[in-house]
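Its first residue numbered 6, the sequence shown is counted upward by one per residue in my numbering. In this text, a Cβ means the ideal position worked out from N, Cα and C, and glycines have one as well. Computed from a prediction, not measured in an experiment: that's the story for all the values here. Let me begin by presenting the structure, written as structure tokens, before commenting on it.
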Amino acid sequence: FCMAHLGAGKHSEALWQEYKKLCCKACNKGYSLLASGATALETVTDVIAVLENSPLTNAGYGSNLTWDGHVECDASVMDGCTLHYGAVGAVPGVKNPVKLAHHICKKQSCNALALGRVPPSLLVGNGARKWAEQAELTTVHSRRLISDKALKQYHHYKKKVERYQIHTDKILTPLDTVGAVCVDAYGDVAAACSSGGLALKHPGRVGQAATYGCGCWASNGTSHVPSVATCTSGCGEYLVRTMLAREAALEVQKNSCSVTGLHKVMKTKFMESPFLHGVEEKIGGLILLKCFPNDETGEFVWTHSSKTMCVSYMSDAERRP
């Protein structure tokens, strides 16, 4: 089973068919990988890479630009089998940040580095880019990650801020962080997410997509506890304060009804969270996969407080997403 989303935000109605086509393309990619025997972690990584390569999303190529006009991306993956986690924050010049996060995650399983150093689980900025170069992952000049659409939005909103000194709690641009969850033939679950962050963000800003327990979460179950994989989208600062990914996974894992559990956590841990007191517009959403290892059944649920959220999923029961 594989599921992907294009984010909780304000998607253009004029591009709805394009969003749908992209979401289905990513889901098809994931399902074909699972059918060929790929692991859950490999699958969610490649699904996110498909989304990062599209200018339609705020991830990888076409990401929102910083105040200085550069692309700095966040991404993370979590393996439900090992509970290992890998992430990158504010990384420049990496074509697919999720692949770098995957590489960092896999290194968690390696022995300690020389002199007993522990392999990192999160790298940021140029340090993350250097790791990508050493891992022979694709790096590019930062300008090659800027799409025409992102550049146009950048000039539009920066001009507004500079000319009129606009101050508002309203989110100016779409928050289409992308995410994916899946379960493989071995019964293992995994989750991944990627984001270009807020438009006009301060250089070096790191959001929920790179923060442990906030962007994604995955945990294999036992004979008595279901497996759960989830990833979030929305305003990163709010998702970091509430640790929504982990909170949702833990609540649904112990609740017999996934819908009830998800509604409860979204209401009490996000919309009514004391950590978001005074916040006028609480934009957030998440997708969640719940599996039962013993009887090989599962459930897929999602929720969002934003105007739109594009989701696709596919399992053995469907011929197409």
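Just to confirm, is the Cβ distance from Ala195 to Cys236 under 8 angstroms? No, they are not a contact pair.
Residues bridged to Cys187 by DSSP? In DSSP, Cys187 forms a bridge with Cys7 and Ala195.
Can you name the start and end residues of the alpha helix (DSSP H) that Cys115 belongs to? Here Cys115 belongs to no alpha helix (DSSP H), and DSSP marks it neither H nor E.
Would you kindly work out how many angstroms separate the C-alpha atoms of Leu156 and Leu203, rounded to a whole number? A straight line joining the alpha-carbon of Leu156 with that of Leu203 spans about 14 angstroms.
Three-state class that DSSP yields for Lys295 in the structure shown: Of the three classes helix, strand and coil, the one that applies to Lys295 here is strand, per DSSP.
Who are the near neighbours of Leu127 in its chain, counting only those whose CB is closer than 6 angstroms to its CB and skipping five residues on each side? In its chain, beyond the 5 residues on either side, Ala92 have a beta carbon closer than 6 angstroms to the beta carbon of Leu127.
Tell me whether the beta-carbon of Thr313 lies closer than 8 angstroms to the beta-carbon of Gly67. At a Cβ-Cβ threshold of 8 angstroms, Thr313 and Gly67 do not count as neighbours.
Limits of the unbroken alpha helix (DSSP H) element including Gly303: Residue range Thr302 to His309 is occupied by the beta strand (DSSP E) that includes Gly303, with no alpha helix (DSSP H) assigned at that position.
Look up Ser147 in the DSSP assignment and give the residues it is bridged to. According to DSSP, which records beta bridges pairwise, Ser147 is partnered with nothing at all.
Close-in-space but distant-in-sequence residues of the same chain around Ala223 (CB under 6 angstroms, 5 per side omitted): Cβ neighbours of Ala223 beyond the five flanking positions: Met83, Gly85, Val194, Ala195, Ala196 and Ala234.
Based on Cα-Cα distance, which residue from Val257, Asn63, Met8 and His207 lies nearest to Asn101? Cα-wise, what sits closest to Asn101 is Asn63.
Whole-number beta carbon distance between Tyr36 and Cys315, since they are thought to touch under 8 angstroms: Contact flag wrong, Cβ pair sits at about 17 angstroms.
Within a Cβ cutoff of 8 angstroms, which residues of the same chain sit near Lys269, ignoring the five residues on either side of it in sequence? Within the same chain, Lys269 has close Cβ partners Glu256 and Asn260.
Assuming the contact rule is C-beta atoms closer than 8 angstroms, Cys7 and Met319 should be a hit. Round their C-beta distance to whole Å, please. In this structure Cys7 touches Met319 by the C-beta definition: roughly 6 angstroms separates them, less than 8 angstroms.
Report the partner residues of Ala223 according to the DSSP bridge assignment. For Ala223, DSSP records a beta bridge to Ala234.
Just mark Ala215 as buried or exposed, buried being the case when its beta carbon has 16 or more other beta carbons within 10 Å. For Ala215, the number of other beta carbons within 10 angstroms of its own is at least 16, and it is reported as buried.
Could you give the DSSP three-state label for Ala92: helix, strand or coil? Three-state result, Ala92: strand.
Between Glu285 and Gly121, what straight-line distance do the alpha-carbon atoms span, to the nearest angstrom? Inter-residue distance for Glu285 and Gly121 is about 47 angstroms (C-alpha atoms, whole angstroms).
Reduced DSSP secondary structure (H/G/I, E/B, other) of Val284: Residue state, collapsed to three classes: coil.
I need the DSSP call for Glu83, collapsed to helix, strand or coil. This sequence places Met at residue 83; Glu is not what is there. In the three-state scheme derived from DSSP, where H, G and I count as helix and E and B as strand, Met83 is classed as strand.
Hey, Leu20 and Leu61: beta-carbon distance below 8 angstroms or not? Leu61 is positioned such that its CB atom lies closer than 8 angstroms to that of Leu20.
To the nearest angstrom, how far is the alpha carbon of Met248 from that of Asp73? Taking the straight line from one Cα to the other gives about 29 angstroms.
From Lys272, Tyr159, Leu294 and Ser200, pick the residue whose C-alpha is nearest to that of Ser81; which is it? Cα-wise, what sits closest to Ser81 is Ser200.
Mark Ala106 as exposed unless 16 or more other C-beta atoms lie within 10 angstroms of its C-beta, in which case mark it buried. Buried: at least 16 other Cβ atoms inside 10 Å.
In three-state DSSP terms, what is Tyr318? Taken through DSSP and simplified to helix, strand or coil, Tyr318 comes out as strand.
Just reading off the alpha helix (DSSP H) that Val49 is part of, what are its end residues? Bounds of the alpha helix (DSSP H) holding Val49 are Ala45 to Glu57.
Which of the three DSSP states, helix, strand or coil, is assigned to Lys100? Note: Lys100 maps to coil in three-state DSSP.
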